[in-house]
């Protein structure tokens, strides 16, 4: 990958609330912070994405304290930030234009949650022609219930959603494999 | 739903080839045909979407016999058809403009495959503001392998992908429940 942009999706405090149910990958934020540190040290492009829910009861609504970024990913001055109101970081934002204007064709995607905002943004990025790496242990999701009442663990949701994405929309790599490939 | 448009995604002969591995929901095409028949009998809007892969080795490439629609879903004269080259029916096509120009805000999505083109199109439809029903037994997918080599059955891929979509991007309903709600 040449000049890969690290895109951090919705790493916000509101996801720590019990509202969402049980989560997998508790180490995701540590891995995200590690990648962010590497990107900053090498002066590679970094893009922050924040979810600003239009639903007043959502922990991610701009009036809620949960809308704030987690401490691990506080943007530094000059790092671009895009806010969105839907799952995809490419809908209702200037992200695609920004990437094209800055000739950023290679993206590394991390953040929350694997199967909602991360998956949707990864799918659109791939379909829009960007080269995408999704970092398996720098994303996480929550348990979910199917339309027929079946319950699925966060780990099942995570693993199977990654299997749908890998090779079709992106390459899925662990943090350690990604960093080793950048040595 | 008011004047729901039935969107048939990639119900093409090429998906019958062993190329894709084991599939779930063998009755999907029968359910799709049933819905198509109801839509035609009530003169409700119908939209066909065909995948025209740019990869010469894909069974869905326009030069391959598998690019053809299955017999159950052959478009009738006057029924609109959109061709696409990526998973999303909304990227590189005029589908969004067509829906808005015709004031079609409610969509019923069916077709192949659950976790690739159907999921991606459903996600974008929901994020673009359309009201979406995804029909659980009028879509199907294939077994997949995760980035770490774990194999997942088609049924697992299908069920968990629907659980990620339901309530976030769409409502997931069976064919019989959908038809009952339209009585």
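Chains as they are written, first to last, in the numbering used here: chain C, 46 to 228; chain V, 46 to 228.
Positions of the beta carbon are idealized from the N, C-alpha and C atoms, including for glycine.
No experiment lies behind these values; they were computed from the predicted model shown.
Quick check on DSSP: helix, strand or coil for residue 85 of chain V? Counted from its first residue, the second chain places residue 85 of chain V at position 40. DSSP places residue 85 of chain V in helix when its eight states are reduced to three.
Does residue 72 of chain V pass the burial test, meaning 16 or more other C-beta atoms within 10 Å, or should it be called exposed? Counting from one through the second chain, the residue named residue 72 of chain V turns up at place 27. By the neighbour-count rule (16 or more Cβ atoms within 10 Å), residue 72 of chain V is not buried but exposed.
C-alpha distance - residue 175 of chain V paired with residue 151 of chain V, whole-angstrom precision: If you number the second chain from 1, residue 175 of chain V lands on position 130. If you number the second chain from 1, residue 151 of chain V lands on position 106. Computed Cα separation, rounded: 6 Å.
Tell me, which residues are paired with residue 151 of chain C by DSSP? By 1-based counting over the first chain, the position of residue 151 of chain C is 106. Beta-bridge pairing links residue 151 of chain C to C:176.
Do you know whose CA, among C:157, C:218, C:147 and C:103, lies nearest residue 64 of chain C's CA? As a working mapping, residue 64 of chain C is identified with position 19 in the first chain. Closest option to residue 64 of chain C, Cα to Cα, is C:103.
Short of 6 Å in beta carbon distance, which residues of its chain neighbour residue 68 of chain V, apart from the five on each side in sequence? Order them along the chain. The residue labelled residue 68 of chain V in the question sits at position 23 within the second chain. So the list reads 185, 187 and 199, once near-sequence residues are dropped.
Quick check: is the beta carbon of residue 56 of chain C nearer than 8 Å to any beta carbon in chain V? Residue mapping note: residue 56 of chain C aligns to position 11 of the first chain, counting from 1. Chain V, which has no Cβ nearer than 8 Å to the Cβ of residue 56 of chain C, makes this no.
Which class does residue 181 of chain V belong to by DSSP, given the choice of helix, strand or coil? Working through the second chain from its first residue, we reach residue 181 of chain V at position 136. In this structure, residue 181 of chain V counts as strand in the three-state DSSP scheme.
Would a C-beta distance cut-off of 8 Å place residue 155 of chain C and residue 91 of chain C closer than the cut-off? Counted from its first residue, the first chain places residue 155 of chain C at position 110. Counted from its first residue, the first chain places residue 91 of chain C at position 46. Taking 8 Å as the Cβ cut-off, residue 155 of chain C and residue 91 of chain C do not qualify as a contacting pair.
Where residue 200 of chain C falls: helix, strand or coil (DSSP): If you number the first chain from 1, residue 200 of chain C lands on position 155. In this structure, residue 200 of chain C counts as helix in the three-state DSSP scheme.
Count the other CB atoms, across all protein chains shown, that sit within 10 Å of the CB of residue 189 of chain V; report buried if there are 16 or more and exposed otherwise. Within the second chain, the letter at position 144 stands for residue 189 of chain V. Looking at its Cβ environment, which holds 16 or more other Cβ atoms inside 10 Å, residue 189 of chain V is buried.
Starting from the C-beta of residue 46 of chain C, find all residues in its chain whose C-beta is less than 6 Å away, skip the five residues before and the five after it, and write them out in chain order. By one-based count along the first chain, residue 46 of chain C stands at place 1. Taken in chain order, the residues that qualify are 151.
So the alpha helix (DSSP H) residue 225 of chain V belongs to, where does it begin and stop? For the purposes of this step, residue 225 of chain V is taken as residue 180 along the second chain, with counting starting at 1. Its alpha helix (DSSP H) spans residues 220-226.
Coarse secondary structure for residue 135 of chain V, derived from DSSP in three states: Residue numbering aside, residue 135 of chain V sits at position 90 when the second chain is read from its first letter. It is coil, neither helix nor strand.
Using DSSP's beta-bridge definition, name the partner residues of residue 92 of chain C. In the first chain, the residue the question calls residue 92 of chain C occupies position 47. Per DSSP, C:52.
Using only the alpha-carbon positions, how far apart do residue 94 of chain C and residue 110 of chain V sit? The count along the first chain starts at 1 and reaches residue 94 of chain C at position 49. The count along the second chain starts at 1 and reaches residue 110 of chain V at position 65. Approximately 43 Å, taken between the alpha carbons.
For my contact list, residue 202 of chain C and residue 205 of chain V are in at a C-beta cut-off of 8 Å; report their separation, rounded to the angstrom. On the first chain, residue 202 of chain C is found 157 positions in, with the first residue counted as 1. On the second chain, residue 205 of chain V is found 160 positions in, with the first residue counted as 1. Yes, they are in contact, since the Cβ atoms of residue 202 of chain C and residue 205 of chain V sit about 6 Å apart, within 8 Å.
I'd like to know whether the C-beta of residue 197 of chain C is nearer than 8 Å to at least one C-beta of chain V. Position 152 of the first chain holds residue 197 of chain C. Chain V, which has a Cβ nearer than 8 Å to the Cβ of residue 197 of chain C, makes this yes.
Residues in the segment 198-210 of chain C having any Cβ partner in chain V nearer than 7 Å: 201, 202, 204, 205, 206, 207, 208 and 209
Considering only residues of the same chain and omitting the five flanking positions on each side of residue 138 of chain V, which have a CB-CB separation below 6 Å? Translated into positions along the second chain, residue 138 of chain V becomes position 93. 127 and 129.
Should residue 211 of chain C and residue 165 of chain V be called a contact, given that it needs their Cβ atoms to be closer than 8 Å? For the purposes of this step, residue 211 of chain C is taken as the residue at position 166 of the first chain. For the purposes of this step, residue 165 of chain V is taken as the residue at position 120 of the second chain. No; because the gap between Cβ atoms is not below 8 Å, this pair is not in contact.
Output needed in chain order: residues of the segment 148-167 of chain V with a Cβ under 8 Å from some Cβ in chain C. 160, 161, 164 and 165
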